[in-house]
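Under our numbering, the residues of the sequence shown are numbered 85 to 662, in order. See below for the structure under consideration.
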Amino acid sequence: MSEHAGNNLLTGAEILVHSLEDLGVRCIFGYTGAAILPVMDELGKSSIKIMVNANEQCSAFSAAGYSRSSEQVGVAIVTSGPAITNTLTAVADSYADSIPLMVIAGQVPEHKLGTDSFQHIDVASVFGPTAKKVYSVKAINNIESVIKDAYFFATSGKPGPVIIDIPLNLQQKAARYDSLDLALFNKVYEQETHLNDAQCKQFFDLIKQAEHPLLYLGGGLNTKEGSRAITRFNALFNIPSVNTLMAKGVIDETNPIALGMLGMFGTPYANKIIQENDFFFAIGVRWDDRVAEKVGFAIHADIAFIDIHAEKVQQIRNERRPKFSFIGNAVTTLDDLCDYAENQGITLSLDAWADHAAKLKRTWPLDFNRQATKIQQAEVLEMLNKMLSDNAILTTGVGNHQLLAAQYIRSKKCKSFLTCGSFGTMGSGMPMALGAQLAHPEAMVVAIDGDGSFRMNMGELHTIGTNAIPVKILLLNNHADGMVYNLETTAYGGRHSATCRPEDVDFSAMARLCAFTFSQRIQKREELKDALQAFLDSKGPSLLEILTDIDEVLYPVVRPGSSYAEMELGPYIHEIIE
């Protein structure tokens, strides 16, 4: 029982903070204001660290970075009105990527709800479509149960963000703190659904008929337990795999038959092997349109699908008619299949198929213009991949740099490649890196960003530098919004109406002004290796700005309306004859 429990009366703000402490929250991200000041004042007296971001969107993205990189729920706390609405984009982003997140917002006093009071907004109406749940606190006696329930609800089933709206007067009123047992809330959302023997037999009867099975791994596996479960499954069966952007690192990508990201900008070998598979086992995926809407996608393959999200499974049952599907926790389901296979002595003979997958990976490597006069982003990321330590955690912004990083960086562990997938939010890379660094103080955290994404939340340069947070920012500056620039080149007659920044500032100089201990800008290839090494070896906040080629094009690409067979490899990706 908490030391704060008993007959003594505590304010609502105290109850809220003690509830967070009971949950094991070590830090929150936020920005203060009058309507949340009682809570912030109590946080200042507590064991919980307050990280003040440049703005509230950054606070929510940092909290999401904390969640994405750990097994905990990141918490953002902000004031009312424009503060809570500033978090909307980050909340929608977390909802789209199934990231657990808790956002607590102050609200005007209860007697001013529904009026034109200063900084009042109907939070439930604004966030209803973008959050997993909105809690409007209506009584001081509910504060503890709301905070604790929301925390576990955010992680349950299909994870997502929760919003807690708490009026100012309830933060100031007094009540007893009950220190309710966390198990009372956690048990509510426990998943207990298992495959039975008949279902396991059905699955293995299907897969044993296949000659070319393929695993399609999604973000639903991007946890320590998810990675353990799929690694155990594939230790038994050695099936080639492809993955979504959200599942990088779920299986060690240095494995010869882990073929990396599938889809519009997937690796050449992933996009080739999908054309040959006859049993497509999708686990914890949302069937993203940049993957699933390619003409001919898995059209000749039998499909098996496991996901905890009932609506998604029902949708795929209707659209794809899978031969096997199950609504349930992916970890539990994979363990059920493994247990059954071990008990029944089930094995698969797939050596020739696995050898073929490994050969595809060797003979269709990624490549870029190695004769270019200007530094290529792909070149930087290929080099970075060879230099990174195994404990590194990477975040990205959104754009060409993001997908080139997804292609060239071989992630070896889960929760080590953090990026906005479904919503594609520019400006997320730096604040997410800040959250990941506070979740993992001993880890090397590298934010890979493009100049477009970087500029959107550039205030975090000040947050990181002045708080001496040892985040490393690798800024790939091509003076353009590269992905849209490429699209203009191919589809808009080469007219670049609003994508180019031929005149720009020296961002490395800005980093020095923000107290970064390492800051360098380079544009010559001969400087690249030494600069990258110095950047990685540096202590404290670090920024390396590399000026890159505006005309570099992201390949491979499978354009809208095209099939995987029509994948464009560009001028530099070729088969290597063994």
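In this text, a Cβ means the ideal position worked out from N, Cα and C, and glycines have one as well.
Distance, residue j Cα to residue i Cα
i: residue 640; j: residue 581; result: 25 angstroms
i: residue 267; j: residue 568; result: 49 angstroms
i: residue 629; j: residue 350; result: 26 angstroms
i: residue 444; j: residue 493; result: 18 angstroms
i: residue 500; j: residue 101; result: 30 angstroms
i: residue 372; j: residue 256; result: 46 angstroms
i: residue 547; j: residue 136; result: 7 angstroms
i: residue 419; j: residue 545; result: 44 angstroms
i: residue 254; j: residue 146; result: 27 angstroms
i: residue 610; j: residue 623; result: 23 angstroms
i: residue 586; j: residue 566; result: 13 angstroms
i: residue 304; j: residue 336; result: 16 angstroms
i: residue 651; j: residue 643; result: 8 angstroms
i: residue 310; j: residue 365; result: 15 angstroms
i: residue 608; j: residue 456; result: 12 angstroms
i: residue 478; j: residue 195; result: 46 angstroms
i: residue 454; j: residue 190; result: 54 angstroms
i: residue 588; j: residue 621; result: 28 angstroms
Nearest candidate by alpha-carbon position, reference residue i, set the options
i: residue 156; options: 133, 608 and 238; result: 238
i: residue 448; options: 357, 626 and 293; result: 357
i: residue 370; options: 186, 336, 616 and 330; result: 330
i: residue 92; options: 488, 262 and 214; result: 262
i: residue 562; options: 464, 550, 620 and 543; result: 464
i: residue 595; options: 576, 573, 543 and 570; result: 543
i: residue 112; options: 185, 423, 297 and 600; result: 185
i: residue 151; options: 124, 139, 131 and 179; result: 179
i: residue 221; options: 440, 614 and 97; result: 97
i: residue 325; options: 469, 367 and 312; result: 367
i: residue 141; options: 226, 176, 122 and 422; result: 176
i: residue 573; options: 203, 588, 617 and 637; result: 637
i: residue 314; options: 398, 441 and 334; result: 334
9 angstroms Cβ cutoff, residue i in contact with chain D
i: residue 244; result: In the structure shown, chain D does not exist; there is a single protein chain.
CB contact flag (residue i, residue j, <9 angstroms)
i: residue 77; j: residue 160; result: Residue coverage of the chain in this structure runs from 85 to 662, which leaves residue 77 outside it and unanswerable.
i: residue 385; j: residue 363; result: yes
i: residue 232; j: residue 153; result: no
i: residue 467; j: residue 559; result: no
i: residue 458; j: residue 632; result: yes
i: residue 244; j: residue 188; result: no
i: residue 602; j: residue 625; result: yes
i: residue 338; j: residue 301; result: no
i: residue 224; j: residue 169; result: no
i: residue 531; j: residue 481; result: yes
i: residue 290; j: residue 388; result: yes
i: residue 285; j: residue 432; result: no
Residue i, buried or exposed, once every other Cβ within 10 Å from all chains shown has been counted against 16
i: residue 655; result: exposed
i: residue 273; result: exposed
i: residue 174; result: buried
i: residue 471; result: exposed
i: residue 660; result: exposed
i: residue 332; result: buried
i: residue 95; result: buried
i: residue 461; result: buried
i: residue 552; result: exposed
i: residue 133; result: exposed
i: residue 521; result: buried
i: residue 525; result: exposed
i: residue 402; result: exposed
i: residue 294; result: buried
i: residue 281; result: exposed
First and last residue of the uninterrupted alpha helix (DSSP H) at residue i
i: residue 124; result: 121–129
i: residue 548; result: 544–550
i: residue 415; result: 414–428
i: residue 570; result: 566–575
i: residue 397; result: 394–404
i: residue 229; result: 227–239
i: residue 183; result: Taken as a continuous stretch (DSSP letters only), residue 183 belongs to no alpha helix (DSSP H), as it is neither H nor E.
i: residue 158; result: No alpha helix (DSSP H) contains residue 158, which is instead part of the beta strand (DSSP E) from 158–162.
i: residue 522; result: 513–523
i: residue 435; result: 435–447
i: residue 356; result: 352–357
Enclosing beta strand (DSSP E) for residue i [first to last residue]
i: residue 306; result: No beta strand (DSSP E) holds residue 306; DSSP gives it neither H nor E.
i: residue 209; result: Premise fails: residue 209 lies in the alpha helix (DSSP H), 207–211, not in any beta strand (DSSP E).
i: residue 629; result: 626–631
i: residue 291; result: Not the beta strand (DSSP E): residue 291 falls in the alpha helix (DSSP H), residues 281–292.
i: residue 327; result: 325–327
i: residue 541; result: Neither: residue 541 is in no beta strand (DSSP E) and is coded neither H nor E.
i: residue 260; result: 258–260
i: residue 613; result: Segment 612–621 is the alpha helix (DSSP H) holding residue 613; no beta strand (DSSP E) there.
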